[in-house]
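Have a look at the structure below, then the notes.
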Amino acid sequence: MDLDTIRAVTVARERADLGVVGGSCGVLAGGTFLFSEPQDQLERLVDITALGWTALSETPDGLEIAATCTLAEFAGAGPGRELGMPMLRNEWPGTALFAQGCRALLASHKIWRTATVGGNVCSALPAGGVLGAVTALDGVALVWSPDGTDRRIPLREFVIGPGVQVLRAGEVLRSITIPTRTLLSRTAFRKVALSPLGRSGAVVMGRRELDDRCTLTVTAATSRPIVLDFAEPPNSAHVHTAIESIDPALWFDDPHGAPDWRCHVTGRLAAQVAAELCAETGEPQ
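Here it is as structure tokens:
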């Protein structure tokens with residue numbers, strides 16, 4: 090779609106060039122959402138793809154994913170893949186959620202080569218599969234503020250509603266760091282949609298850490314990602330109680346699923362994910 094309100098597009102080459110972001114000036118990376126519908130509030134765009142951020146970097150804290158990392162690069166970081174680093178991704182089983190999150194999106198592989206991790210996260214859409222994956226792995230967002238300071242925000246606190254996140258005026262998402270302890274986790278994934286190639290109606294991603302702490306992350310079915318924490322692998326009764334504890338107002342309502350249906354199927358998916366996590370060491374269901 091043409092954005093006929095845009096009067097200028099500039100290319101950022103250093104952090105100082107981002108000082109104009111905010112108000113009528115938006116950020117351009119992959120642009121797949123930006124150009125999908127009118128953006129009448131924008132008159133200028135700042136292209137951040139020339140900032141030279143490395144897509145995926147191993148750090149002392151885990152794995153840093155640049156906001157400009159494409160979905161193809163993100164999905165390609167799964168088990169058994171090289172990242173140009175000494176460590177193979179099959180030593181980080183938690184990265185299995187990367188490709189699964191991308192496949193939960195209604196998007197072609199052409200889109201995968203253009204759309205970015207940062208765009209999927211900042212769009213804050215309920216069906217944001219990448220947002221779900223990095224939230225399920227306890228990711229932390231690094232945000233650049235216009236005054237030169239940084240903020241670090243847990244992804245489970247980043248989105249507050251459909252299309253609404255906590256970025257302040259002029260702030261730019263720089264990267265997301267996935268901690269080593271969750272990269273080492275075993276994971277499970279379930280998705281349901283009203284049609285085989287339709288947008289996800291409900292997605293549940295589970296994580297079991299080496300100390301047996303578990304989480305179930307619900308996305309697509311709710312207006313924002315919901316993370317359910319368990320001190321140990323949950324049985325079916327624990328899962329049922331946790332799903333029932335979700336605020337009824339958070340179940341999303343759109344043509345891809347009614348709230349009551351989404352609540353019901355999420356419970357079914359969550360039970361399957363929990364059973365898979367428990368089955369690894371044979372705990373009773």
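So our numbering is basically just the index in the sequence shown, starting at one, shifted up by 89.
All C-beta atoms, glycine included, are put in the ideal place defined by N, C-alpha and C.
All of these numbers come straight from a predicted model, not from anything done at the bench.
In terms of residues, what are the limits of the beta strand (DSSP E) holding residue i?
i       : result
Ser-146 : 145–148
Ala-291 : 289–297
Phe-319 : 315–319
Val-116 : 114–117
Gly-398 : Residue numbering for the chain in the displayed model covers 90 to 374; residue 398 lies beyond these limits and cannot be assessed.
Leu-305 : 303–308
Thr-99  : 97–100
Tell whether a beta-carbon distance below 8 angstroms holds between residue i and residue j.
i       : j       : result
Ala-368 : Leu-305 : no
Leu-226 : Arg-297 : no
Pro-348 : Leu-220 : no
Val-261 : Val-110 : yes
Val-307 : Thr-271 : no
Arg-77  : Val-253 : This structure cannot speak to residue 77, because the chain is shown only from 90 to 374.
Leu-283 : His-353 : no
Gly-208 : Ala-105 : no
Return the CA-CA distance between residue i and residue j, expressed in angstroms with no decimal places.
i       : j       : result
Arg-202 : Thr-99  : 22 angstroms
His-327 : Arg-192 : 28 angstroms
Gln-128 : Ser-234 : 23 angstroms
Leu-123 : Glu-333 : 36 angstroms
Trp-142 : Ala-155 : 6 angstroms
Ala-360 : Asn-324 : 8 angstroms
Gly-248 : Ala-213 : A quick correction: the sequence has Val, not Gly, at residue 248. Those two C-alpha atoms are separated by around 6 angstroms.
Met-176 : Arg-351 : Residue confidence is low: Met-176 scores 44 on pLDDT, short of 50, so the model does not pin down where it sits. Its coordinate-derived value is still stated next. Going by the C-alpha atoms only, they are around 39 angstroms apart.
Ala-331 : Ala-97  : 49 angstroms
Pro-149 : Leu-160 : 24 angstroms
Ile-137 : His-329 : 44 angstroms
Ser-289 : Ser-197 : 15 angstroms
Ala-222 : Leu-107 : 28 angstroms
Gly-217 : Ile-200 : 14 angstroms
Val-206 : Glu-321 : 30 angstroms
Trp-181 : Ala-166 : 10 angstroms
Ala-277 : Gly-295 : 5 angstroms
Ala-310 : Arg-245 : 15 angstroms
Gly-173 : Leu-186 : Note on Gly-173: pLDDT 48, under 50, position unreliable in the model; no value is reported.
Ser-113 : Arg-257 : 14 angstroms
Alpha helix (DSSP H) containing residue i: first to last residue?
i       : result
Ala-216 : Run containing Ala-216: none; DSSP gives neither H nor E here.
Cys-352 : 348–368
Ile-200 : 198–201
Arg-241 : Taken as a continuous stretch (DSSP letters only), Arg-241 belongs to no alpha helix (DSSP H), being part of the beta strand (DSSP E) at 239–243.
Gly-190 : 185–192
Phe-163 : 160–164
DSSP state of residue i, grouped into three classes?
i       : result
Ala-230 : strand
Trp-340 : strand
Ser-284 : coil
Gly-173 : Residue confidence is low: Gly-173 scores 48 on pLDDT, short of 50, so the model does not pin down where it sits. No coordinate-derived value is stated.
Thr-276 : strand
Gln-130 : coil
Ala-331 : helix
Ser-264 : strand
Ala-139 : helix
Ala-155 : strand
Gly-250 : strand
Gly-111 : strand
Thr-94  : coil
Please check the pair residue i and residue j, which I expect to be a contact at CB under 8 angstroms, by giving their CB distance rounded to whole angstroms.
i       : j       : result
Arg-102 : Ala-139 : 6 angstroms
Thr-266 : Val-292 : Not a contact, Cβ separation roughly 22 angstroms.
Pro-215 : Phe-319 : That pair is no contact at about 23 angstroms.
Quick one: is residue i near chain D, going by C-beta distance under 8 angstroms?
i       : result
Asp-318 : Although the question refers to chain D, the structure presented lacks it and comprises just one protein chain.
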